[in-house]
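In what follows, a structure is listed as structure tokens, so that the remarks can point back to it.
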Amino acid sequence: MASSSGNTDPEVRKDAVWNRWVIFSPARAKRPSDFKSKSPTDPNPNQQCPFCIGHEHECAPEIFRVPPRDPDWKIRVIQNLYPALSRTLPEPQHAPSGSLQTGFGFHDVVIETPVHPVQLCDLPPPEIGRVLLAYTERIQQLASHKSIQYVQVFKNHGASAGASMSHSHSQMMALPIIPPTVSARLASMKDHFDQTGKCLICEIQREDLLIDSSTNFFSLVPFAATFPFEIWIIPRYHSAHFHELDAEKAVELGGLLKLMLRKMSLQLNNPPFNYMIHTSPLHSNGSELAYTHWFIQIVPQLIGIAGFELGTGCYINPVFPEDAAKVLREVKVPESG
């Protein structure tokens with residue numbers, strides 16, 4: 001079926017999570033093991049920037065730091081200097097109606113390390129876990145705003161992935177609406193639950209798509225991966241909201257996230273990438289919690305999106321997920337990494 005068995009016939013697969021189709025066309029590309037980024041990220045290790053320790057005065061206002069009030073900080077959460085939404089606008093008192101509302105919301109930056117050349121995957125699992133817990137702390141703060149419906153945590157690594165700063169950081173946007181892809185995901189998961197009585201994400205694990213696993217989490221290439229070498233990290237336990245992650249599980253998740261980022265970097269020539277945390281709306285009702293399940297999606301930037309994808313919402317992936325999973329499983333990560 002897949003190209004690992006020598007077949008180069010195209011295949012169309014249904015992405016049940018987002019209710020869309022993906023075309024797999026391996027004849028358009030080289031062997032999966034030959035995929036490498038053409039524009040690897042290579043930050044200047046000697047560069048100084050506003051995100052570096054000692055340059056705090058050059059940044060937008062700080063929200064909090066870890067440890068609190070410590071000049072020798074490890075993580076800072078700050079306002080974005082160029083926010084897409086404004087926290088200074090009056091907060092809406094009612095749910096959005098009609099086709100126009102004010103652009104109230106929050107746009108924050110999480111500075112993951114005080115030292116410029118250090119990237120997230122260089123940190124030990126407990127420190128990556130601390131970054132994840134910084135996300136959860138900020139989401140819990142934002143949840144106090146009744147008009148905030150959804151918080152998107154994302155990381156852009158590398159200029160072609162959308163990063164304007166090479167210093168390791170991620171971002172959080174708190175929105176007064178539920179975005180359309182989130183609505184589509186929730187609707188698909190509800191349909192599956194209504195038909196089967198089971199959570200779609202809880203049932204997603206497949207041996208030939210698995211990359212690695214730990215006690216509470218596993219990583220895989222999804223059956224209908226939108227992009228080549230796309231990776232999902234999923235809790236084994238059912239959980240609707242990422243911000244309910246506890247400190248012990250955050251360290252464990254940090255270890256698996258580090259391993260996936262290292263494997264991706266070694267196999268694909270340190271590619272630009274994005275990761276997104278897909279969670280549930282902040283004010284979900286009880287019935288929604290039964291079928292929604294958070295996960296992390298990691299997308300290396302190896303191919304562009306062109307007219308067909310933009311016109312149809314249907315993506316072409318040149319690598320079968322089974323092949324990508326096999327390649328990533330076999331990447332040996334040095335112990336010191």
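Heads up: the sequence shown at position 310 corresponds to 310 in full-length UniProt numbering, and the numbers run straight through without jumps.
Here a beta-carbon is modelled for each residue, glycine too, at the ideal position from N, C-alpha and C.
These numbers were taken from a predicted model, which means no experiment stands behind them.
Could you pull out every residue in the same chain whose Cβ sits closer than 7 Å to the Cβ of residue i, ignoring the five residues on either side in sequence?
i: residue 374; result: Outside the displayed range of the chain (1 to 337) lies residue 374, so it cannot be described from this structure.
i: D9; result: none
i: A2; result: Low confidence applies here, because A2 scores a pLDDT of 42, under 50, leaving its location unreliable; read the following figure in that light. The answer, listed in chain order, is F320, E322, D323.
i: Q79; result: A60, P61, I63, D108
i: E234; result: The sequence given here places Ile at residue 234; Glu does not occur at that position. Excluding residues within five positions, the ones whose Cβ falls inside 7 Å are I201, I204, F217, F218, F295.
i: I128; result: L120, G254, L257, K258
i: G313; result: R20
i: Q140; result: H243
i: E252; result: S214, T215, N216, F217
i: residue 346; result: Since the first residue of the chain shown is 1 and the last is 337, residue 346 is not available in this structure.
Please confirm whether residue i and residue j have their CB atoms less than 9 Å apart.
i: S214; j: W294; result: no
i: I316; j: F35; result: no
i: H167; j: F51; result: yes
i: R130; j: A250; result: yes
i: P318; j: P26; result: yes
i: Y150; j: P281; result: yes
i: I75; j: V110; result: yes
i: Q152; j: M172; result: yes
i: I148; j: P96; result: no
i: I303; j: P228; result: yes
i: E112; j: H57; result: no
i: Y275; j: K155; result: yes
For residue i, which beta-bridge partners are listed by DSSP?
i: P334; result: Partner(s): none; P334 has no beta bridge.
i: S213; result: F218
i: L175; result: Y150
i: F24; result: E11, N317
i: H94; result: Answer is none; H94 lacks a bridge partner.
i: S86; result: F104
i: H167; result: Its beta-bridge partners do not exist; DSSP assigns none.
i: N156; result: N274
Here's a check: name, in chain order, each residue in its chain whose Cβ is nearer than 6 Å to the Cβ of residue i, leaving out the five neighbours to either side.
i: R87; result: F106
i: L85; result: G103, G105, H107
i: N242; result: With the sequence shown as reference, residue 242 is identified as Phe, and Asn is not the correct amino acid for it. I277, T279, W294, listed in sequence order.
i: L245; result: T136
i: Q47; result: H116
i: G98; result: none
i: H192; result: L200
i: A174; result: G105, F106, L142, I148, V151
i: Y291; result: M189, K190, F193, C199
i: L328; result: I211, K263
Taking the continuous alpha helix (DSSP H) assigned at residue i, which residues delimit it?
i: K14; result: That residue, K14, is in no alpha helix (DSSP H); its beta strand (DSSP E) goes 11-15.
i: Q195; result: 180-196
i: I128; result: 125-142
Taking CB distances under 9 Å as the criterion, tell me whether residue i reaches chain C.
i: F320; result: Annotation note: the requested chain C is absent from the structure, which comprises a single protein chain.
I'd like the span of the beta strand (DSSP E) that includes residue i, first residue to last.
i: P300; result: 295-300
i: I53; result: Counting along the chain, I53 falls outside any beta strand (DSSP E), and DSSP gives it neither H nor E.
i: E112; result: Unbroken run through E112: none, as it is neither H nor E.
i: E62; result: 62-66
i: P235; result: 231-235
i: R76; result: 75-79
Beta-carbon within less than 8 Å of residue i's beta-carbon, same chain only, minus the 5 sequence neighbours each way: which residues are those?
i: P222; result: D15, V17, I204, L209, E230, W232, P321
i: S5; result: Note that S5 has pLDDT 45, beneath the 50 cutoff, so the model's placement of it is unreliable and the number below is only indicative. Closer than 8 Å at Cβ, skipping near neighbours: no residue.
i: A325; result: D208, L209, L210, I211, L220, V221
i: V182; result: Y150, H278, P281
i: V12; result: W21, V22, I23, F24
i: H55; result: Q48, C49
i: L268; result: F35, K36, S37, F229, P300, L302
i: W73; result: I53, R65, V66, P67, P114
i: R206; result: L220, F223
i: P126; result: V251, G254
i: P90; result: T102, F104
i: E335; result: none
Quick check: is any heavy atom of the ligand ADP less than 8 Å from the C-beta of residue i?
i: T279; result: No copy of the ligand ADP occurs in the structure displayed, which carries no ligand at all.
Secondary structure, beta strand (DSSP E): runs of 3+ residues fully inside the region 241-321: 273-278, 295-300, 315-317
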